[in-house]
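Just below is one structure, and these are the notes that go with it.
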Amino acid sequence: MKFDQPAQSNPIDQLKVVGRATDRIDGPLKTTGTAPYAYEQYQAAANPAYGYVVGAAIAKGRIVAMDAGEARHAPGVLAVITADNAGKLGKGSRNTAALLGGPEIQHYHQAIALVVAETLEQARAAAQLLRVDYARSPGAYDLAAVRDTATEPAEAMPDSRVGDFDGAYARAPVKLDASYSTPDQAHAMMEPHATLAAWEGDKLTVWTANQMIAWARTDLAETLGLPEDKLRVVSPYIGGGFGGKLFLRADVVLAALGARAIGRPVKVALSRPLMFNNTPHRPATLQRIRLGAEADGRLTAIAHESWSGDLRGGGPELAVQQTRLLYAGANRLTALRLAVLDLPEGNAMRAPGEAPGLMALEMAMDEMAEKLGLDPVAFRILNDTQVDPEKPERPFSQRRLADCLRSGAERFGWHARRSPGSRREGNWLIGLGVAAAFRNNLVMKSGARVRLDRHGILTVETDMTDIGTGSYTVIAQTAAEMLGLPLDKVVVRLGDSDFPVSAGSGGQWGANSATAGVYAACVRLRERVAERAGIPPAEASFADGQVRGGGGRGMTLAQAAAEGELVAEDSMEFGDLDKRYQQSTFGAHFVEVAVDYATAETRVRRMLAVCAAGRILNPKSARSQVIGAMTMGVGAALMEDLHIDKRQGFFVNHDLAGYEVPVHADIPAQEVVFLDETDPMSSPMKAKGVGELGICGVGAAVANAIYNATGMRVRDYPITLDKLLPGMPERAELG
Amino acid sequence: MEASNLKLSRRELLVMSAASATMMAMPAVAAAQSASAGRARPPVNAPVALRVNGHLHELELDTRSSLLDVLRERLQLGGTKKGCDHGQCGACTVLVNGRRINSCLTLAVMHQGDEITTIEGLGTPQRLHPLQAAFVRHDGYQCGYCTPGQICSAVGMLAEIEAGVPSHVSADLEARPLLSAAEIRERMSGNLCRCGAYANIVDAITDVAEGKA
Numbered sequence: 050m051k052f053d054q055p056a057q058s059n060p061i062d063q064l065k066v067v068g069r070a071t072d073r074i075d076g077p078l079k080t081t082g083t084a085p086y087a088y089e090q091y092q093a094a095a096n097p098a099y100g101y102v103v104g105a106a107i108a109k110g111r112i113v114a115m116d117a118g119e120a121r122h123a124p125g126v127l128a129v130i131t132a133d134n135a136g137k138l139g140k141g142s143r144n145t146a147a148l149l150g151g152p153e154i155q156h157y158h159q160a161i162a163l164v165v166a167e168t169l170e171q172a173r174a175a176a177q178l179l180r181v182d183y184a185r186s187p188g189a190y191d192l193a194a195v196r197d198t199a200t201e202p203a204e205a206m207p208d209s210r211v212g213d214f215d216g217a218y219a220r221a222p223v224k225l226d227a228s229y230s231t232p233d234q235a236h237a238m239m240e241p242h243a244t245l246a247a248w249e250g251d252k253l254t255v256w257t258a259n260q261m262i263a264w265a266r267t268d269l270a271e272t273l274g275l276p277e278d279k280l281r282v283v284s285p286y287i288g289g290g291f292g293g294k295l296f297l298r299a300d301v302v303l304a305a306l307g308a309r310a311i312g313r314p315v316k317v318a319l320s321r322p323l324m325f326n327n328t329p330h331r332p333a334t335l336q337r338i339r340l341g342a343e344a345d346g347r348l349t350a351i352a353h354e355s356w357s358g359d360l361r362g363g364g365p366e367l368a369v370q371q372t373r374l375l376y377a378g379a380n381r382l383t384a385l386r387l388a389v390l391d392l393p394e395g396n397a398m399r400a401p402g403e404a405p406g407l408m409a410l411e412m413a414m415d416e417m418a419e420k421l422g423l424d425p426v427a428f429r430i431l432n433d434t435q436v437d438p439e440k441p442e443r444p445f446s447q448r449r450l451a452d453c454l455r456s457g458a459e460r461f462g463w464h465a466r467r468s469p470g471s472r473r474e475g476n477w478l479i480g481l482g483v484a485a486a487f488r489n490n491l492v493m494k495s496g497a498r499v500r501l502d503r504h505g506i507l508t509v510e511t512d513m514t515d516i517g518t519g520s521y522t523v524i525a526q527t528a529a530e531m532l533g534l535p536l537d538k539v540v541v542r543l544g545d546s547d548f549p550v551s552a553g554s555g556g557q558w559g560a561n562s563a564t565a566g567v568y569a570a571c572v573r574l575r576e577r578v579a580e581r582a583g584i585p586p587a588e589a590s591f592a593d594g595q596v597r598g599g600g601g602r603g604m605t606l607a608q609a610a611a612e613g614e615l616v617a618e619d620s621m622e623f624g625d626l627d628k629r630y631q632q633s634t635f636g637a638h639f640v641e642v643a644v645d646y647a648t649a650e651t652r653v654r655r656m657l658a659v660c661a662a663g664r665i666l667n668p669k670s671a672r673s674q675v676i677g678a679m680t681m682g683v684g685a686a687l688m689e690d691l692h693i694d695k696r697q698g699f700f701v702n703h704d705l706a707g708y709e710v711p712v713h714a715d716i717p718a719q720e721v722v723f724l725d726e727t728d729p730m731s732s733p734m735k736a737k738g739v740g741e742l743g744i745c746g747v748g749a750a751v752a753n754a755i756y757n758a759t760g761m762r763v764r765d766y767p768i769t770l771d772k773l774l775p776g777m778p779e780r781a782e783l784g
Numbered sequence: 091m092e093a094s095n096l097k098l099s100r101r102e103l104l105v106m107s108a109a110s111a112t113m114m115a116m117p118a119v120a121a122a123q124s125a126s127a128g129r130a131r132p133p134v135n136a137p138v139a140l141r142v143n144g145h146l147h148e149l150e151l152d153t154r155s156s157l158l159d160v161l162r163e164r165l166q167l168g169g170t171k172k173g174c175d176h177g178q179c180g181a182c183t184v185l186v187n188g189r190r191i192n193s194c195l196t197l198a199v200m201h202q203g204d205e206i207t208t209i210e211g212l213g214t215p216q217r218l219h220p221l222q223a224a225f226v227r228h229d230g231y232q233c234g235y236c237t238p239g240q241i242c243s244a245v246g247m248l249a250e251i252e253a254g255v256p257s258h259v260s261a262d263l264e265a266r267p268l269l270s271a272a273e274i275r276e277r278m279s280g281n282l283c284r285c286g287a288y289a290n291i292v293d294a295i296t297d298v299a300e301g302k303a
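Which chain is which? The protein sequence lines are A and B, in order. Just so we're aligned, residue 50 is where the first sequence starts under my numbering, counting upward by one. Just so we're aligned, residue 91 is where the second sequence starts under my numbering, counting upward by one.
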């Protein structure tokens, strides 16, 4: 089915199931520990051996010699896989560095060996017996030091220029020119990358944790030099991803190689301390923002430049992309610069681009509002636009940023905000902050197959994944709505490359695109059911488990399938509506912080997000997506920071003790409001994404609240107390 | 292994460990090793009886096995999750004799005769424990990977409050601790949830603690 015209009225609009706050259908399995994740596929392969991954101990250079003899002869060891004996390996286009290194080493903890043994304990012990001699090469590990060598990544995103930025900025009566930095960050999803691999002849099945089944299969085929039809990738449950499981990783390749070498299934999980340097991370940025405005607050000049680094052949962090669309202003400039760094691979993490980009832009907007003497909410509303600022003939499909800001300000009690450093409760300095949230709505072709059996059970099959996003449930809701069934008559099977290729989980495109694919398949199934019932498809209506035509003729769906299962398959393909209309999601984040006047410890006390993101398919799981993203945003603002050893070239704090993420005690009550909205340009579902919108702007809202509390502006994230302390007001000043 | 082999002072032990990691307290095993493969000794096994979710398991275990790996790999109880294997995330939380513990940080051989309850022992999809039901109702999870640990931890945590054990945020160490959100957050902070379901988890626990479930 092709979606190339705005959606008309359709069965989803009934909203009998879709749009209702619904408990997750996978909840009883997840809460009882009976949902099998990759390493727990006990039924899939009996008697697997265990693989333990060894990572390179240098950041750049070569392996001169590796002695695996002792490891090979250690008790229980079945094989040691290295680049020497793995055979020729290719590399998928989505991977920057090789997944099995050696002799060349491209980054620290790049996998160099897999030790396979009867038990995990044996494999782990034997892994310590590998003797590796390296020859180090000098590498670049400090973004600031190589900033001047960075070049324009013309393929990823060339510079954009509209009007005359330099002239307009020079003439502007009110200006801001400020620099910001965001650190390298880790996805740190709770489930480590893990794979169980089993060969049957020349066919390989991997049970793994991957957000994009079809990408994983393609890249595994490329890496192993096998045709795709010999590979099956299965990921029914995935313990978080946030972009960290978008791509094929070393666990998959090494489990496959290990299993082939010993002729027996092998399972491999990356150890937690290996993950931070072995797998991709969100790259650090250095950003410069210049804003010029008339005295009345109208922006006339906007420039946003960002520098980031990656391995040779990698890509930039797209930190300026939201700046092309978020605010009006006739004269504009954005530029990315990419330097070569020999740190582990940089790649997508939740809201790549916007998450770090808005941490800078929305702090700059706060600073500019102050220079102009304007309220930060009013300043943003003043510079709202309903059209693409670079192409004014191109409207937004929906854009309710101003509504989000206004209603949020009212609900949050924004009027209570005082001048910086002037509100105090006991030891605590109190501040309020706001930031706009913005993330584009992406659509991806997505397919599904639906089966109706003689018991009236509808089964949906698609390779879509649920990484905690609630895919199982919104897909069940969609199918139930389309066929007029209650939710408990729908079974959803996900994450298997034997099923039709879906959008997968990434870029907050999953829910809207994948349910649109299910919609397409259900439209076909409705036709089959109507035919079976002898009703012209155009006249058929589906409700209460029945199909009915004009004059009350009809039957139950179970009766319609009594003579044999009815199966339909289709996909939703998207036309150019996203070119004709800019499709984006919007929000406003409000945060209240308390900062201890003596220690500069920051506590977040209240958070509110108001979101406008199209139809909300399941308000319960959508709200969870947003509060989860707000939580990650608090982490970005206050604590998350991969510290680089700039001599040795690796992330030092590579575990969950050193890399701090928010814990229960860090997160207060959180409120989320979804504005009532449908977007007929996005899909027949009229929905958009929310999973990434929720993190966009949060960091800046926290930073702006800290500024409001203390009068201290820290432009170098995360805002830890050591950065605040030197500028904290003296006790005497506090009165 | 005889207990007498272990009669070393702590100081002697440290000296020996520093000098060589091979010989400590395992003479029979060490003698069997080849000189060159100093560290590649065969596993030392020991019999251990564990009562897990009411079932007695008499096992012969590699003494290096963590309780977590025995639960997951030997008993195939996959509900107890391995998030970090270093006691940093809480995903592996189980109840040992009613108290919550990170099962990755304890060797299985230390639990001879212990009563262990995992997430599978609390309830089933058909018969959810009140906390499991409350997590579903409040959407107290997303990816579900930290969830068994959160729920086991919550069971243990509520018992600690019931027993009057104070926490860092208890105002009065002598008084009975409150069932406040602040107490629950503090006491649950060893259980990370990267999906960020914290606010919903606290609501779910509060519901059950207040007897609404």
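Heads up, the beta-carbon is just placed ideally off N, CA and C, and yes, glycines get one too. Nothing here was measured: the structure is a model prediction, and the numbers come from that model.
Measuring CA to CA, which of the options is closest to residue i?
i: A/Q155; options: A/A203, A/A105 and A/E119; result: A/A105
i: A/K420; options: A/L225, A/M730, A/Q526 and A/G663; result: A/L225
i: A/T727; options: A/V721, A/K737 and A/E720; result: A/K737
i: B/V226; options: B/A287, B/G168 and B/D159; result: B/A287
i: A/Q159; options: A/N144, A/F214 and A/T80; result: A/N144
i: B/R164; options: A/D725, A/S670 and A/N96; result: A/N96
i: B/G203; options: B/R141, B/G239, B/G234 and B/P256; result: B/R141
i: A/P152; options: A/E277, A/D133, A/M408 and A/S142; result: A/D133
i: A/R381; options: A/W264, A/L138, A/R581 and A/D437; result: A/D437
i: A/P717; options: B/A272, B/N281 and B/L146; result: B/A272
If I'm right that residue i touches residue j with Cβ under 8 Å, what's the distance once you round it to whole angstroms?
i: A/M417; j: A/R764; result: No, A/M417 and A/R764 are not in contact; Cβ-Cβ is about 13 Å, not under 8 Å.
i: A/W256; j: A/T272; result: Not a contact, Cβ separation roughly 17 Å.
i: A/L335; j: A/S228; result: 7 Å
i: B/S155; j: B/A224; result: Not confirmed; about 33 Å, so no contact.
i: B/L218; j: A/T80; result: 7 Å
i: A/M621; j: A/S732; result: 7 Å
i: A/S546; j: A/S495; result: Contact doesn't hold; Cβ gap of about 14 Å is too wide.
i: B/G177; j: B/C194; result: 6 Å
List the endpoints of the continuous beta strand (DSSP E) containing residue i.
i: B/C194; result: Taken as a continuous stretch (DSSP letters only), B/C194 belongs to no beta strand (DSSP E), as it is neither H nor E.
i: A/E510; result: L507 to E510
i: A/I161; result: A160 to A166
i: B/P238; result: Here B/P238 belongs to no beta strand (DSSP E); instead the alpha helix (DSSP H) covers T237 to E252.
i: A/L382; result: N380 to V389
Let's see if you can read the secondary structure: which residues bound the alpha helix (DSSP H) around residue i?
i: A/Y568; result: G559 to R581
i: A/R429; result: P425 to L431
i: A/F325; result: R321 to N327
i: A/P405; result: E403 to L421
i: A/L77; result: The question names Leu, but residue 77 of chain A is Pro in the sequence shown. Run containing A/P77: G76 to T80, per the alpha helix (DSSP H) assignment.
Would residue i be called buried (16 or more neighbouring beta carbons within 10 Å of its own) or exposed?
i: B/M200; result: exposed
i: A/N757; result: buried
i: A/A310; result: buried
i: A/Q57; result: exposed
i: A/S468; result: exposed
i: B/R266; result: exposed
i: B/A115; result: Low local confidence applies: a pLDDT of 36 at B/A115 is under 50, so the model's placement there is unreliable, and no value is given.
Checklist entry - Which runs of the alpha helix (DSSP H) fall wholly inside the region 170-229 of chain A and span at least 4 residues, in chain order? => result 192-195 and 214-220
Checklist entry - Which runs of the beta strand (DSSP E), 3 residues or longer, sit entirely within the region 569-649 of chain A? => result 590-592, 595-597, 603-605, 615-623 and 633-645
Next on the checklist: What ranges does the beta strand (DSSP E) occupy inside the region 132-175 of chain B, keeping only unbroken runs of at least 3 residues that lie completely in it?
Outcome noted: 135-142 and 145-152
Checklist entry - What residue ranges within the region 484-538 of chain A form continuous alpha helix (DSSP H) runs of no fewer than 4 residues, ordered along the chain? => result 520-532
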